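In the working numbering, the protein residues as written are 2 to 319.
Backbone N, C-alpha and C fix where the C-beta goes; we use that ideal spot for every residue, glycine too.
What you are looking at is a predicted structure, and each value in this text was computed from that prediction instead of being measured.
Everything below concerns the one structure shown next.
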Ligand SMILES: Nc1ncnc2c1ncn2[C@@H]1O[C@H](COP(=O)(O)OP(=O)(O)O)[C@@H](O)[C@H]1O
Ligand SMILES: [Mg+2]
């Protein structure tokens, strides 16, 4: 039977309120002004879902929102990007999460109220829903305490439903990195950490030692290394792919989530690990050409035009 979705993304949803060009750092009891402001859809998971949809896939989202104006804004933004929001849970006893970011040049000070997203649990996710998709991607474990010690059950459900799986753990704001990878990785086909997350999760600075410590993973481990590109580990072998460097980096917000979208796009089409990794690098690089994580992506045709014109990348497999 044909499946309704190519990918279902399970993850966090929140708003970003970003204050730019601020006159110094605010002090308790005082007020300062910011000259610029942005109010946008935040969430790594939402960026990945939006960009998978812009690449032309059928994408559904499972997450939790409050019944409020922020929640409605998030639904609207996901829909604008073509993401199916019919499985997003709206809970009127909760508030939608928000991050307030004070932006100083390249750096930001942020405070997050997680709200509804921290209440999504494995029990909210119906195995029958997962039968409707070829692939399940999960992101942002540490922002979703509802999955604490239970994430392997989500991936088991996905596998039982006949889907392939991927995971991006993302940053741990508490920096404790308390996650049982041994329990989870046997059910994950593609693990997508960045290099610092991999080192933190395994408590090993040496990358070979970090990968060796994940022996029970039989899937692919794609390690994102920022402007150094990415490296794939699988079955005792290693493949490196260089980045698509360019002179127009606006910001790197969502580069990793865009990389995930590129990698998954090729992975679910059964393309070679080299192709998946290279396309991940390409989509990560394109993301850096516009502000935020989704502005650089409209549709596949435009993405491939940018790839050819700006990055000399010609997709021969389309
Ligand atoms: N400055 C850059 N120029 C070109 N490509 C980049 C740049 N920064 C990131 N990328 C691409 O995006 C990918 C993901 O970025 P990275 O910063 O490693 O992830 P994360 O956002 O998860 O920390 C990189 O592996 C690389 O391919
Ligand atoms: Mg990331």
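Within-8 angstroms CB hit, residue i to chain B
{"i": "residue 210", "result": "Structure shown: chain B not included; a single protein chain is present."}
Proximity below 8 angstroms, CB of residue i to CB of residue j
{"i": "residue 130", "j": "residue 262", "result": "no"}
{"i": "residue 214", "j": "residue 190", "result": "no"}
{"i": "residue 188", "j": "residue 165", "result": "no"}
{"i": "residue 232", "j": "residue 292", "result": "no"}
{"i": "residue 89", "j": "residue 71", "result": "no"}
{"i": "residue 64", "j": "residue 152", "result": "no"}
{"i": "residue 85", "j": "residue 60", "result": "yes"}
{"i": "residue 268", "j": "residue 284", "result": "no"}
{"i": "residue 256", "j": "residue 288", "result": "yes"}
Backbone secondary structure at residue i - three-state DSSP
{"i": "residue 249", "result": "coil"}
{"i": "residue 279", "result": "helix"}
{"i": "residue 95", "result": "coil"}
{"i": "residue 7", "result": "strand"}
{"i": "residue 198", "result": "helix"}
{"i": "residue 207", "result": "coil"}
{"i": "residue 298", "result": "coil"}
{"i": "residue 183", "result": "helix"}
Whole-angstrom distance between residue j and residue i, CA atom to CA atom
{"i": "residue 209", "j": "residue 235", "result": "12 angstroms"}
{"i": "residue 294", "j": "residue 46", "result": "11 angstroms"}
{"i": "residue 297", "j": "residue 225", "result": "19 angstroms"}
{"i": "residue 172", "j": "residue 305", "result": "30 angstroms"}
{"i": "residue 249", "j": "residue 42", "result": "23 angstroms"}
{"i": "residue 75", "j": "residue 12", "result": "13 angstroms"}
{"i": "residue 201", "j": "residue 302", "result": "38 angstroms"}
Limits of the alpha helix (DSSP H) - the one that residue i falls within
{"i": "residue 309", "result": "301 to 312"}
{"i": "residue 257", "result": "256 to 268"}
Span of the beta strand (DSSP E) around residue i
{"i": "residue 109", "result": "108 to 114"}
{"i": "residue 374", "result": "Because the chain in this structure spans residues 2 to 319, residue 374 falls outside the shown range and cannot be described."}
{"i": "residue 66", "result": "65 to 67"}
{"i": "residue 167", "result": "165 to 169"}
{"i": "residue 135", "result": "134 to 140"}
Nearest-residue set for ligand 1, Cβ under 6 angstroms from any heavy atom: 195, 225, 226, 227, 228, 230, 231, 244, 245, 246, 250, 253, 256, 257, 260, 282, 285, 286 and 289
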